[in-house]
């Protein structure tokens, strides 16, 4: 028999139970703060041209994903010390729940190191994984001491992919297999020149003969010594990882002094259409590594746009040609949104880091999933590799350049746009 | 022959360094002002030439004739309204002001032109070469060197053949006595900075056609320019050319041994000259 008292009692019990268990949060919005660090000013700022466009795009799509999110954008000023400083500010003053960081080890590494100490999850991109992973270790020289990270996760390609891409291009052309290398005395140059992990062992394995005149300082005004060495050795292939002004100086001098290789494959200096356009006629048919292009057959998990749509939207909004970081900055927000969606409480750092680690997402730059076996065991937990192909810059009649994909052995799903042409 | 070729390339590189240094030498020689913004002023000149070429479609070699008067005016105003206020017995304030100016110019250029790499396009001449039998020299480096010689020659004519040059020398020797003779040091200084920026514009033309530039690249070459001035001896313009050539050749020889030695050997040459002749190769006056 239900009396007034038992009704009240049981009602109270039900109310207590439901409030204790919590209702399924179908319509609940997740509130959090995201910090974004990139080199928006200074010598590396070309990497950040798409930043504000992508942040706005993410903020526009956030309400649809049930997110009430604030993105705090910080500028590293292309300076590692400044990057560390803004990371500290984001963590202690702004109290962000997640940090996204992009573009070059000078920015990603200090931010990741600080966040790992402070136990704030980070998603990082646009830096080859070796300088990212090894560069953050206490003792980069001793592989035995290298440790995994718990809070920082990185997606990009590695040195081995870049070397393979270049060598696949060279193998497809008939040359005398003599390679001249222009490797500067900086982090990238020393990594490429390394007899252990760099290009020399890969070249030797495939029967190429290397002419390496030695490490030079960045912003050198005269490359006659290198040009002479390459000419004397009869090199038909030229490679290197110079900064853009040095490549222009070198390549102009090479032409003046009659060094005419068949293939020129240069990393870093030829990433941006502006640097290639600066070369004028001399930029035609130079080859470079391509991490992203509008022809990549991927779509955004955030907006459903294809790579081509995304590039077109950026070109319309910014009034300039697409660049490779466009796709990667977008993918950074894709991975972030996906990880947040899979976390019940994204303000819990450990839970969010756990969600990032278990990501399996097809983004506009390809699949992002940590722990795959295409990365060496020691870095597998924190590094996810994205595909890398080879491209050739083709000069159009109006003086602008198109990047045509000519080599895709490492990622056959990315269609070729043409065949490799030699310079001479 | 690699030996002769190395020296020839070093000589031509020296011409470029001498162009960087000539404006600095002028300002330093006349008013003892160490202009830390000189490299950035060269980059400013390069952007000015770039703006003129894109706006009018002129060849950079012609655009320089439009850019030079503008830079002269800028130098005049800069000296009259900013640098003259801080010149005095203490050398620190002008040093700090030019350091600040360097930061201001870099960031203003960044704001106005973004960080994109730019280059002045001189057309097919960039890749042309002259085969002299023993060596093959690029046309542009040879032009750079000849321009450096011409600039130094003209500056010397100005210094030793004109009333303005007399005023320059008088102010440099003893500003107070020069004032008694009716020379106003402020006006002389303003003229000198104006002329220095005209020279900087010529340097900008060759820097901009040789390589890419962006707003942050100015200070990189400032050190070589300083060394060229010091090696040559304060106040001597031909000495500045010689200083540039010494550094250029030392770098070329160093690089031919090993590129790691390229920059270092330039600095070593500087130290050696300082040890042997502490006042430089051709010091103008005993002061």
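Protein chains in written order, with the working numbering: chain A, 3 to 426; chain B, -18 to 268.
We treat Cβ as the ideally placed atom computed from N, Cα and C, and that holds for glycine.
Item to check | Terminal residues of the alpha helix (DSSP H) in which residue 170(A) lies | outcome: 161 to 173
Item to check | Identity of the residue in 234(B), 212(B) and 225(B) nearest residue 252(B) by Cα | outcome: 212(B)
Item to check | Cβ contact check for the region 64 to 82 of chain A and the region 317 to 334 of chain A: 3 or more pairs under 8 Å | outcome: no
Item to check | Interface partners of residue 195(B) on chain A, CB under 7 Å | outcome: Contacts between residue 195(B) and chain A, judged by CB atoms closer than 7 Å, involve 45 in chain order.
Next on the checklist: Give me, in chain order, the residues of the same chain whose beta-carbon lies closer than 7 Å to that of residue 152(B); leave out the 5 immediate sequence neighbours on both sides.
Outcome noted: 11, 159, 164, 166 and 169
Next on the checklist: Quick check on DSSP: helix, strand or coil for residue 105(A)?
Outcome noted: coil
Checklist entry - With DSSP run on the structure shown, which of helix, strand or coil describes residue 300(A)? => result coil
Next on the checklist: Does residue 398(A) pass the burial test, meaning 16 or more other C-beta atoms within 10 Å, or should it be called exposed?
Outcome noted: exposed
Item to check | residue 371(A) in three-state terms, based on DSSP | outcome: strand
Item to check | residue 123(A) in three-state terms, based on DSSP | outcome: In the structure shown, residue 123(A) sits in coil (DSSP, three-state: anything other than H, G, I, E or B).
Checklist entry - Cβ of residue 107(B) less than 8 Å from any chain A Cβ? => result yes
Item to check | Presumed contact (8 Å Cβ cut-off) between residue 98(B) and residue 280(A), rounded CB distance | outcome: 6 Å
Item to check | Per-residue contacts from residue 249(B) into chain D (C-beta, under 8 Å) | outcome: Chain labels in this structure do not include chain D; the protein chains are A and B.
Item to check | Nearest candidate by alpha-carbon position, reference residue 205(A), set 179(A), 191(A) and 322(A) | outcome: 179(A)
Item to check | Spatial distance of residue 174(A) from residue 126(A) (CA atoms) | outcome: 34 Å
Item to check | Cβ separation of residue 258(A) and residue 104(B), assumed to be a contact under 8 Å, to the nearest whole Å | outcome: At roughly 14 Å, the Cβ-Cβ gap does not stay under 8 Å, so residue 258(A) and residue 104(B) are not in contact.
Next on the checklist: Using beta carbons (cut-off 8 Å, strictly below), is residue 247(A) in contact with chain B?
Outcome noted: yes
Item to check | Inside the region 31 to 72 of chain A only - beta strand (DSSP E) runs reaching at least 3 residues | outcome: If we require 3 residues or more, the beta strand (DSSP E) runs fully inside the region 31 to 72 of chain A come out as 32 to 40.
Item to check | Under 7 Å from the C-beta of residue 48(A): neighbouring residues of chain B | outcome: In chain order: 96 and 97.
Checklist entry - Tell me which same chain residues have a C-beta within less than 6 Å of the C-beta of residue 195(A), skipping the five on either side of it? => result 185
Next on the checklist: What would DSSP say about residue 409(A), mapped onto helix, strand or coil?
Outcome noted: strand
Checklist entry - With distances taken between CB atoms, is the gap from residue 82(A) to residue 118(A) smaller than 8 Å? => result no
Item to check | Given residue 260(B) as reference, the closest of 209(B), 214(B) and 56(B) once Cα atoms are compared | outcome: 214(B)
Item to check | Closest by C-alpha distance to residue 269(A), when choosing among 287(A), 284(A) and 242(A) | outcome: 242(A)
Next on the checklist: Can you tell me where the beta strand (DSSP E) holding residue 118(B) begins and where it ends?
Outcome noted: 117 to 119
Item to check | Proximity test, Cβ basis, 8 Å: residue 153(A) and chain B | outcome: Judged by the 8 Å Cβ criterion, residue 153(A) is not in contact with chain B.
Checklist entry - Do we get a CB-CB distance below 8 Å when we pair residue 43(B) with the residues of chain A? => result no
Checklist entry - Under a three-way DSSP split, which group does residue 168(B) fall into? => result helix
Checklist entry - Run through DSSP, which three-state label would residue 83(A) get? => result Of the three classes helix, strand and coil, the one that applies to residue 83(A) here is helix, per DSSP.
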